[in-house]
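Only one structure is covered here, and it is reproduced in the block below.
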Amino acid sequence: MLTSIVKLGIERGRIELNQSLSYILNYTFFPIVALVVMYFLRGVVVQGGSLGSYALPGIISMNLLFTGFMGLATNLISEREEGTLMRARTIPFGIHTYLIGKVLCQVALTLITILVIMVASAALFGNFFLGGPRLLALTWVLPLGLTSTLPWGAAFGSLIRHPRNLSFISLGMMGLLSLSGIFYPVSGQALWSQILSQASPVYWIGLGVRGALMPETAVVAEVGQSWRMLETTLVLIIWSLLGTLAAISMMRRSSRKEGGRGLMRSAWIRRRRSRYRGRHRA
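Each residue of the sequence shown is one higher than the one before, starting from 70 at the first, in this note's numbering.
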């Protein structure tokens, strides 16, 4: 049974990916604009490398966060308003296959978007090249970054009632990005700010991507002058587990509420029909 659910979820994810490929243009527009700006500022040299080499990890981390977290949350809220989740509940294991397909589709869109950004970076910055160790580092940083953000996107997508409330989440995400130092090291900030920034997964995603893409000389600007790969792995795993538990709890709660609203709506419709028939007979 589990194998059948996974197969159906994968098939649903493939179908949704084919229908969502046009989103890649929306996801890559602003990152490409940022890369073009960095290209014109390529002569600016900062500690450990060029400004472009410092900006690329931040752009990738920001795109991973918004495409993974906000993309999944937006889809869940929109499709809940359209009744897609209610229809999925009427099919055996429909919610399970729906979530598997939605997560796989969002993962594929995020990875394709990051690949487009990296190809554009290679075209704009000629010295950008992924060697073996760096490519190996990205193979675990990006999946951990996705697993630490996607469940929280599902949790918030289940918690938020109306799509218009996503604007407040976007503002909060921008504040979190500015605090977490994905575009600049936090080692120069006050101690309380460093502790606060390291409490979120965003900081560790940015640190992992910087450790994979930036030159070794840039490590002197980091906290403790180390990429802290082991700590990054452990923290992102913890956030992934917490996010999964939160997503399961929120999805169950939202499903129960939607089911109750559906029953109340059906009862209201039946009452309206009976009243209409009574008046018509009279």
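Cβ coordinates follow ideal geometry from the N, Cα and C atoms, glycine included. Quick caveat: nothing in here was measured; it's all calculated off a predicted structure.
- Serine 73 counts as exposed, since fewer than 16 other C-beta atoms from the protein chains shown sit within 10 angstroms of its C-beta.
- Going by beta carbons, phenylalanine 98 and glycine 222 fall outside the 9 Å limit.
- Taking every protein chain shown into account, the CB of alanine 224 has 16 or more other CB atoms within 10 angstroms, so this residue is buried.
- Tyrosine 96 is positioned such that its CB atom lies no closer than 9 Å to that of leucine 193.
- Between the alpha carbons of threonine 143 and glycine 280 lies a gap of roughly 30 Å.
- C-alpha of leucine 133 to C-alpha of alanine 103: approximately 15 Å in a straight line.
- DSSP places alanine 224 in the helix class (H, G or I) of the three-state scheme.
- Contact between tryptophan 273 and threonine 301 is confirmed by a C-beta separation of about 5 Å, below the 8 Å threshold.
- In summary, glutamate 150 is exposed, with fewer than 16 beta-carbon neighbours lying within 10 Å of its beta-carbon over all protein chains present.
- DSSP places histidine 231 outside both helix and strand once states are collapsed to three, so it counts as coil.
- Counting only residues of its own chain and dropping the five nearest sequence neighbours on each side, valine 271 has a CB closer than 8 Å to the CB of Ser130, Leu134, Leu245, Leu246, Ser249, Ile251.
- The Cβ atoms of glycine 293 and valine 172 lie no closer than 9 Å to each other.
- Here leucine 145 is near serine 227, since their CB atoms are less than 9 Å apart.
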